[in-house]
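What follows is a single structure, written as structure tokens, with notes after it.
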Amino acid sequence: MTKRYEQAVALIDQANSEDPNTVTADGREWPKELLYSHRMADMQQRYAPDADDAPKLAIRAQHIQRWKSDRKDYPMNRQGYLQWRTNLYKFHAE
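The opening residue of the sequence shown carries number 8 in the numbering used here; numbering runs sequentially from there.
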């Protein structure tokens, strides 16, 4: 792992540690998206330990700050789901 990769992971984890939603795992409370990113990174490491940094970062960051766009703010139908996902794409691209 490069220093730049480690810095990027630290920034992703810092951003996801701000998630106000928490879950309990391994006997402790976790910010939900921080736990998700750690679990996905663990799975990636299990199945593709030699992957390049780019896909590892993509996996780690795929839900970065996702709580900022609440699914409940959109209609609970296919169109609402697609609007929510489209807005997430835009948010994550910024």
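Every residue, glycine too, gets a C-beta built ideally from N, C-alpha and C.
Can you tell me where the alpha helix (DSSP H) holding residue 67 begins and where it ends? Where residue 67 is concerned, the enclosing alpha helix (DSSP H) stretches over 60 to 68.
Apart from the five residues on each side of it in sequence, which residues of its chain come closer than 7 Å, Cβ to Cβ, to residue 22? Excluding sequence neighbours, residue 22 sits near 71, 72.
Counting along the chain, where does the beta strand (DSSP E) carrying residue 7 start and finish? The chain is shown only over 8 to 101; residue 7 falls outside these bounds and no answer can be derived.
Just mark residue 89 as buried or exposed, buried being the case when its beta carbon has 16 or more other beta carbons within 10 Å. An exposed status is given to residue 89, since fewer than 16 other beta-carbon atoms sit within 10 Å of its beta-carbon.
Residue 55, buried or exposed, once every other Cβ within 10 Å from all chains shown has been counted against 16: With a threshold of 16 other beta carbon atoms within 10 Å, residue 55 falls short and is exposed.
Return the first residue and the last residue of the alpha helix (DSSP H) that residue 91 is part of. Where residue 91 is concerned, the enclosing alpha helix (DSSP H) stretches over 85 to 100.
Start and end residues, alpha helix (DSSP H) containing residue 53: Counting along the chain, the alpha helix (DSSP H) containing residue 53 begins and ends at 39 to 54.
In the DSSP assignment, find the alpha helix (DSSP H) that holds residue 21 and state where it starts and stops. Note, residue 21: alpha helix (DSSP H), 10 to 23.
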